[in-house]
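2 protein chains.
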Amino acid sequence: MVKVDLSGAMGFLDSTGPDYGAAGQAHRALAEGKGAGADFTGWRELPRRVQGEELKQITAAAERIRDTSEVLVVVGIGGSYLGARAGIELIQPKNGPEVIFAGTGLSPDALVSKLEQLGDRDFSINVVSKSGTTLEPAAAFRIFRGLLEKKYGAGARRRIYATTDKARGVLKTIADKEGYESFVVPDDVGGRFSVLSAVGLLPLAAAGCDVHTMVGAAAEAMYELDLRSPDNPAWQYAATRNALYAKGKKIEILASYEPSFRYMAEWWKQLYGESEGKNGVGIYPASVEYNADLHSMGQYIQDGPRTLMETVVSFDRPRKDYEMPFVMGDPDGLNYLAGRGLGEISRVAMEAVKAAHVAGGVPNMGVSVPRRDEEGFAELVCFFEMACAISGYMLGVNPFDQPGVEAYKKNMFRMLGKPGT
Amino acid sequence: MVKVDLSGAMGFLDSTGPDYGAAGQAHRALAEGKGAGADFTGWRELPRRVQGEELKQITAAAERIRDTSEVLVVVGIGGSYLGARAGIELIQPKNGPEVIFAGTGLSPDALVSKLEQLGDRDFSINVVSKSGTTLEPAAAFRIFRGLLEKKYGAGARRRIYATTDKARGVLKTIADKEGYESFVVPDDVGGRFSVLSAVGLLPLAAAGCDVHTMVGAAAEAMYELDLRSPDNPAWQYAATRNALYAKGKKIEILASYEPSFRYMAEWWKQLYGESEGKNGVGIYPASVEYNADLHSMGQYIQDGPRTLMETVVSFDRPRKDYEMPFVMGDPDGLNYLAGRGLGEISRVAMEAVKAAHVAGGVPNMGVSVPRRDEEGFAELVCFFEMACAISGYMLGVNPFDQPGVEAYKKNMFRMLGKPGT
């Protein structure tokens, strides 16, 4: 399970510590469906709900994709791709098709790069969109679908998997008409909370992740994270970051020492930024990759404005350690490390950074799971989702809406001359 | 040349606009060597200095690497890799060896991934370190050097290129003893300003970038950016961001609509974060990739705390446009876009986002260059460097030191038991 270490944060709080009373109230509102946006709290049930028939359908489709495709093109934006990409990059499954994420932008250069990357390899498409009207993925789907139809003719439709609304919308209509195999974006789950539905699980399974293990671990994690207690790591994280925010820590930097964590940080930024950044409030979610960024953002973190808090996600054990070699004559002076594992050395570096940042005035929260695998991924997802809901309620916002996302879309459709705008 | 568009920012400033008087004073201090850290302003001369013999040596070595290697392993951290990586990812040269960046962390999992990526292909190493004692690259160099020696025996030394101090330090000593071809990290240029020295140019050239064109464009850009005038785009950017900072815009989000810009944003974060984040002041440098992040950070940017400013870097023309296809029956309702280039559609999206964000209270600065190529890269590098120096002086800090980076290193070496600590 997830462990939260608050030893680097407590010194920055009042002597009463984090407000677990408020965390408990927020949790109760969530559990009883009495908080804002209660219609969108189905994510708590996803792991249990998806087990059984739906997971069977997902793994069967994933097998078919793996059997027939060297590449899977996942078309989706925001919550329709971030969770899957985060999981695939974190877990790094082997022997699956390459996954290309498309539909995240409109740059022709980026599209051409993706087409070159695809080449003439066999591929399938998983298009993920609740409505089918979001421009970026809709445009990409039109383009990649055209390629698929050119390549496979009538057989193209068997290579398209649509994850969309269960009953209505443009994409659902196309999928029904063309006979694409369809998966459901649940009505009671927002995009950023949807990775443990078919939205995330189909690409994860196709890439080679063990989604049975993942969903099992998630069900267990959701159960434990639903226990109302100050021992609940979601309470600890939510209450502490809110207390730090109230004390002027306006930016939260999510750090990891694993480069494979990059898209988990992107997923986390959407989850927290979109859930909490509204009504003029919200912690700014930023991320860094250590050790690399100790030599770029490190100076600012150590000595810049004291408006930062830092959350470090770590894994208890590396997958495979690597021993520092001995070199005769010690030309570079590193023989004092020879024979020690990089895993240990990296862990010492992490402790050294924590001490330096705390001494410099940056509160530090640690979040850890045992391993960088399907279970660890599921545990982190459930933890951050549950903590986000509690944290948003503590902050006094509806953590499940995103009204601000419409502003640019309205302008864009009007300026592009979309009929009816 | 770089153009700065302040139309989305002026409404947020006092009626007097940006303080070009202060920008001029800062520029004068820089030009006359009278500002803080004046010993580290050699970057202004780099393009002119490197032309001639040094550039010949760099391109000759690059040719040798390209002739003998399927992979170039660049070992370096911070300013010793970010500029090269930014340029290679932005320009995307073809037909060069694959470049693997190592030495940026201590994770054994990440190291093992890189070793797998390298496989048994022919490779060379470019190790970049002023001193040779920074732990992360020193450890990676020890490991990759060991592999190289195992693979090539006595020939390994001809596959190692050391970019380091001209006279002293651990790496210089090893390079001299072993007979590695060496390149110089100039004494009067800090790491984050060093991309137009051998530090950046050797990997850029080896990857296939036209460094002659790049350096020529940089020399011209540095000349123009040294003209003391409110028309100077570096003045415009530096003065405007400082004015916005004084008005409570504490976070600057660097945005681009090109995914290939990602490491340019990372390079920019080091440049500005490390130059300005000290003495308890400095704008927090963050970045986003649009359109993707309109569906993750977009909500926060539109409706969160009004402490943000946004700087959007764009390229006037795509490399290759892509026309939206027509589809019979218009199932997805996108035929109103058919026949239009994605380049135009993307540009409309950019204008729509600007209007939405400005209306939402986020000042917007535009930075543009004509093309995403060697010239555009050089122009952006020179622009951001010059503006950073001026901006740092306007803020009242020494933009050329980084005392805060030492804090974690000291802890780490002590905790690892390095002899003498």
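If you're matching them up, the sequences are chains A and B in order. Residue 873 in the numbering used here sits at position 215 of the first sequence, with consecutive numbering throughout. Residue 693 in the numbering used here sits at position 35 of the second sequence, with consecutive numbering throughout. No residue lacks a Cβ here, since even glycine has one placed at the ideal position from N, Cα and C.
Between the CA atoms of residue j and residue i - distance to the nearest angstrom
| i | j | result |
| --- | --- | --- |
| B/L885 | B/W893 | 10 Å |
| A/Y1066 | B/A944 | 20 Å |
| A/E839 | A/R803 | 14 Å |
| A/D697 | A/L688 | 10 Å |
| A/P1081 | B/I832 | The shown model of chain A, from 659 to 1079, leaves out residue 1081 of chain A, and the question about it has no answer. |
| B/W701 | A/A1036 | 47 Å |
| B/V1006 | A/S765 | 11 Å |
| B/L805 | A/K714 | 45 Å |
| A/S665 | A/G1019 | 14 Å |
| B/A864 | B/A694 | 35 Å |
| A/G669 | A/T898 | 11 Å |
| B/V1016 | B/M1023 | 10 Å |
| A/V757 | B/K772 | 19 Å |
| B/V660 | B/T969 | 13 Å |
| B/V946 | A/G710 | 38 Å |
| B/E807 | B/G813 | 8 Å |
| A/Y980 | B/E774 | 13 Å |
| B/K788 | B/P844 | 9 Å |
| A/H685 | B/G675 | 48 Å |
Bridge partners - residue i, DSSP secondary structure assignment
| i | result |
| --- | --- |
| B/G1024 | B/D663, B/V970 |
| B/P943 | B/E910 |
| A/Y819 | A/N784, A/E839 |
| B/V729 | B/E756, B/F781 |
| B/E1085 | One cannot answer for residue 1085 of chain B here, as it falls past the ends of chain B, which runs 659 to 1079. |
| A/K772 | The partner list for A/K772 (beta bridge, DSSP) is empty, contrary to what the question assumes. |
| A/K936 | A/V939 |
Closest Cα partner of residue i within the set the options
| i | options | result |
| --- | --- | --- |
| A/G741 | A/N993, A/A856, A/H1015 | A/A856 |
| B/L966 | B/Y958, B/F781, B/S972 | B/Y958 |
| A/D961 | B/R815, B/P1061, B/V708, B/D677 | B/P1061 |
| B/A877 | B/R706, B/G813, B/G691 | B/R706 |
| A/S914 | A/A1013, A/A950, A/R815, A/F781 | A/A950 |
| B/P755 | B/G693, B/L860, B/P983, B/K1012 | B/L860 |
| A/L912 | A/K905, A/D889, A/Y948, A/N937 | A/Y948 |
| B/Y994 | A/P963, A/G858, A/G682, A/G1078 | A/G1078 |
| B/G987 | A/G997, A/K809, A/R800 | A/R800 |
| B/A1013 | B/A667, B/K661, B/A812 | B/A667 |
| B/A1047 | B/V770, B/V847, B/A719 | B/V847 |
| B/R724 | B/V971, B/F984, B/N784 | B/N784 |
| A/A1010 | B/E1064, B/S1026, B/L854 | B/E1064 |
| A/Y921 | A/A744, A/P983, A/Q683 | A/A744 |
| A/K752 | A/L704, A/L862, A/V708, A/R998 | A/L862 |
| B/S918 | B/I749, B/G790, B/Q683 | B/I749 |
| A/E721 | A/G811, A/E690, A/G866, A/T699 | A/G866 |
| B/E836 | B/V843, B/G811, B/I1003 | B/G811 |
| A/F1042 | A/K788, A/Q683, A/P844, A/K927 | A/K927 |
| A/M1008 | B/V985, B/L1074, B/S1004 | B/L1074 |
| B/G763 | A/L952, A/L902, A/T822 | A/L952 |
Supposed contact pair residue j and residue i - C-beta distance, whole angstroms, cut 8 Å
| i | j | result |
| --- | --- | --- |
| A/R850 | A/L929 | 5 Å |
| B/S933 | A/G931 | 26 Å between Cβ atoms; not a contact. |
| A/P627 | A/R975 | The first residue shown for chain A is 659 and the last is 1079, placing residue 627 of chain A beyond what the model contains. |
| B/E916 | A/A797 | Contact flag wrong, Cβ pair sits at about 16 Å. |
| B/S673 | B/L730 | That pair is no contact at about 53 Å. |
| B/V828 | B/I716 | Their Cβ separation, rounded to whole angstroms, is 23 Å, which puts B/V828 and B/I716 out of contact at 8 Å. |
| A/E1032 | A/T871 | 5 Å |
Cβ-based neighbour list, residue i, same chain, cut-off 6 Å, excluding 5 preceding and 5 following
| i | result |
| --- | --- |
| A/G734 | G761, V786, P795 |
| A/C1040 | A876, A879, M880, L883 |
| B/S852 | G737 |
| B/M1070 | none |
| A/A923 | L912, S945 |
Own chain partners of residue i with C-beta closer than 8 Å, once the 5 adjacent residues on each side are dropped
| i | result |
| --- | --- |
| A/S887 | W893 |
| A/D780 | T726, S727, E728, V729 |
| B/P983 | A996 |
7 Å Cβ shell around residue i - same chain, five flanking residues per side excluded
| i | result |
| --- | --- |
| B/K907 | T965, L966, M967, P1021 |
| B/A1045 | A892, Y895, A896 |
| A/D890 | According to the sequence as given, residue 890 of chain A is Asn; it is not Asp. Excluding residues within five positions, the ones whose Cβ falls inside 7 Å are L883. |
| B/W925 | L740, G741, A744 |
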